[in-house]
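Asks: Starting off with a structure, shown below.
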Amino acid sequence: MGIPAAEVYDVLRRRIILGEFLPGSQLKELALAAELGVSRSPLRAAFKRLTDDGLVVAEHNRGVFVAPWADQDNDEVFDLRAAAESHAAGLAAARRQPEHLQQLSALNERMDHLITRKPDDFLAELQQVNRQFHLVVLQAAKSPRLLAFVQSLLAVHRVTGAFYYYTDEQLAESLQDHRLITRAIERRDSALAAAIVDTHIRGTAERLKLQRQPALRAPDAGPPAMRA
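Residue numbering for the sequence shown follows this note's numbering, beginning at 708 and increasing consecutively.
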């Protein structure tokens, strides 16, 4: 049984943002219609919405392709994230409540479980846990404007799919960063919390930049974490 026609757009958008469809790859209409169990009409409607979003480009007589993502775009988004989220972490260290620490610790434990056990589709859940961790830090900062600004950045094309390109070692490093951030917030060390978050986010940006350089990867190799 296929998915409801109304959900085709949401499914494709999520898969693009998570990095399952790489920049420049073609979204083949017939294959996707068969995979999703839908007719071509809702698929074409979804393509139109994705084009309006800037997530795909339609080329005459060629088809629909995932939009490219330039280094300049990546650098700008991550520079803004690093500045905003490091500031939020500093505020969180000063303003956090016990429930924020409990939530951060629970998310760290869940992340540890996913990285260690690797259950089915663990990378997709890992993305959600990671996103929730950063959201809790923002909530602890108690700045609605800052929260809204960062959420607009997190919704940007391909910013949230980083874990699909991480090695096991890099996943462990990301978890360690989260634990250090939690500890700094717990100790109300605003300067340290801000510094760790800044380094953490800029490290993610560098990994994504390296992933997009084909010469640094083996031919036909999938993302490291997908191969693990």
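Where is the CB? At the ideal position from N, CA and C, for every residue including glycine. These numbers come from a predicted model, not from an experiment.
Measuring alpha carbon to alpha carbon, tell me which residue in TYR871, LEU798 and ARG886 is nearest LEU830.
Replies: Locating residue 830 in the sequence shown gives position 123, where the first residue counts as 1. Per the Cα distances, TYR871.
Asks: Locate the beta strand (DSSP E) running through PHE772, then write down its first and last residues.
Replies: Residue numbering aside, residue 772 sits at position 65 when the sequence shown is read from its first letter. Segment 770 to 773, the beta strand (DSSP E) holding PHE772.
Asks: Bridge partners for LEU854 per DSSP, in chain order?
Replies: Counted from its first residue, the sequence shown places residue 854 at position 147. DSSP output for LEU854 lists no bridge partner at all.
Asks: For GLU727, which three-state DSSP category applies?
Replies: Numbered from its first residue, the sequence shown carries residue 727 at position 20. In this structure, GLU727 counts as coil in the three-state DSSP scheme.
Asks: Thinking just about the alpha-carbon of each residue, which of LEU757, GLY744, GLN858 and GLU742 is nearest to the one in LEU842?
Replies: Counted from its first residue, the sequence shown places residue 842 at position 135. The option with the nearest alpha carbon to LEU842 is GLN858.
Asks: If you draw a straight line from the C-alpha of LEU734 to the C-alpha of VAL715, how long is it?
Replies: Here residue 734 corresponds to residue number 27 of the sequence shown, with the count starting at 1. Here residue 715 corresponds to residue number 8 of the sequence shown, with the count starting at 1. Their backbone Cα atoms lie some 13 Å apart in a straight line.
Asks: Let me know the secondary structure DSSP gives LEU860 once reduced to three states.
Replies: Numbered from its first residue, the sequence shown carries residue 860 at position 153. Reduced to three states, the DSSP call for LEU860 is helix.
Asks: Any idea what DSSP makes of GLN804, helix, strand or coil?
Replies: Here residue 804 is taken as the residue at index 97 of the sequence shown, counted from 1. In this structure, GLN804 counts as coil in the three-state DSSP scheme.
Asks: Starting from GLU714 and walking both ways along the beta strand (DSSP E), at which residues does that stretch end?
Replies: Locating residue 714 in the sequence shown gives position 7, counting from the first residue. Unbroken run through GLU714: none, as it is neither H nor E.
Asks: Cβ of LEU787 within 7 Å of Cβ of LEU860?
Replies: Here the question's residue 787 lines up with position 80 in the sequence shown. Here the question's residue 860 lines up with position 153 in the sequence shown. Yes, Cβ-Cβ distance for LEU787 and LEU860 is below 7 Å.
Asks: Near ALA774, what residues of its chain come up, given a Cβ to Cβ distance below 8 Å and the 5 sequence neighbours on each side ignored?
Replies: Residue 774 sits at position 67 when you count from the first residue of the sequence shown. Contacts found: PRO730, GLY761, LEU762, VAL763, VAL764 and HIS864.
Asks: Would you list the residues sitting across from ALA765 in a DSSP beta bridge?
Replies: Within the sequence shown, the letter at position 58 stands for residue 765. Answer is VAL771.
Asks: For GLN839, which residues of its own chain have a beta-carbon under 7 Å away from its beta-carbon, when the five flanking residues on both sides are left out?
Replies: In the sequence shown, counting from the first residue as 1, residue 839 sits at position 132. Result list for GLN839: LEU814, in chain order.
Asks: Give a yes or no on contact between the region 749 to 760 and the region 872 to 883, applying the rule of three or more CB pairs nearer than 8 Å.
Replies: In short, these stretches do not touch, since the Cβ pair count stays below three.
Asks: Using DSSP's beta-bridge definition, name the partner residues of LEU842.
Replies: Position 135 of the sequence shown, counted from the first residue, corresponds to residue 842. In DSSP, LEU842 forms no bridge with anything.
Asks: Please report how far the alpha carbon of HIS794 lies from the alpha carbon of VAL784, in whole angstroms.
Replies: Taking the sequence shown and counting its residues from 1, the one referred to as residue 794 is at position 87. Taking the sequence shown and counting its residues from 1, the one referred to as residue 784 is at position 77. HIS794 and VAL784: Cα-Cα distance of roughly 15 Å.
Asks: Beta-carbon separation of ILE908 and ALA900 under 7 Å?
Replies: In the sequence shown, residue 908 corresponds to position 201, counting from 1. In the sequence shown, residue 900 corresponds to position 193, counting from 1. In this structure, ALA900 does not lie closer than 7 Å to ILE908 by Cβ.
Asks: Could you say which of PRO711, ARG722 and ALA712 lies nearest to ASP828 if we only look at CA atoms?
Replies: As a first step, residue 828 is located in the sequence shown; it is residue number 121 there, counting from the start. The shortest C-alpha separation from ASP828 is found at ARG722.
Asks: Could you pull the DSSP bridge partners for LEU734 from this structure?
Replies: Taking the sequence shown and counting its residues from 1, the one referred to as residue 734 is at position 27. In the DSSP output, where bridge partners are listed per residue, LEU734 has VAL771.
Asks: DSSP state of PRO749, grouped into three classes?
Replies: Along the sequence shown, read from residue 1 onward, the residue named residue 749 stands at position 42. The answer is helix: DSSP assigns PRO749 an H, G or I state.
Asks: Is VAL796 helix, strand or coil when you go by DSSP?
Replies: For the purposes of this step, residue 796 is taken as residue 89 along the sequence shown, with counting starting at 1. With the sequence shown as reference, residue 796 is identified as Ala, and Val is not the correct amino acid for it. Helix.
Asks: Is ARG803 near ALA847, with beta carbons less than 7 Å apart?
Replies: On the sequence shown, residue 803 is found 96 positions in, with the first residue counted as 1. On the sequence shown, residue 847 is found 140 positions in, with the first residue counted as 1. Their beta carbons are under 7 Å apart, which means ARG803 touches ALA847 by this criterion.
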